[in-house]
Amino acid sequence: MDLAETLVALGFCCVLFGFATWRARRPYEPGRLPLLPMGLVQFVGLLGVVLMLAHLATLLTGTPFGR
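Going by the numbering used here, 17 is the number at position 37 of the sequence shown; the sequence numbering is gapless.
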């Protein structure tokens, strides 16, 4: 993955996390069940953000993250 792909993936994960947060804060409508639990979608988005930030640090510094 190069720099451009990493930034696109980081942006996508940020948008995914923001969308899930917006959906989770909407008021409950009786009789309608959510298709996906938004807490899980938030977790996946946040995990993607953390991984892409670590990968971005690796790309910018040239050394593997955590070593």
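Virtual Cβ for every residue (Gly too), placed ideally from N, Cα, C.
Taking a cut-off of 8 Å for Cβ pairs, the segment 20 to 33 and the segment -19 to -7 touch, as three or more such pairs fall below it.
For the set Leu39, Phe(-3), Thr43, the Cα lying nearest the Cα of Glu(-15) is the one of Leu39.
DSSP places Thr38 in the uninterrupted alpha helix (DSSP H) bounded by 18 to 41. One alpha carbon belongs to Trp2, the other to Leu16, and they sit about 14 Å apart.
Judged by DSSP in its simplified three-state form, Gly(-9) adopts helix. Short of 7 Å from the beta carbon of Val29, and not among the five residues preceding or following it, lie these beta carbons of its own chain, in chain order: Leu(-10), Cys(-7), Cys(-6), Phe(-3).
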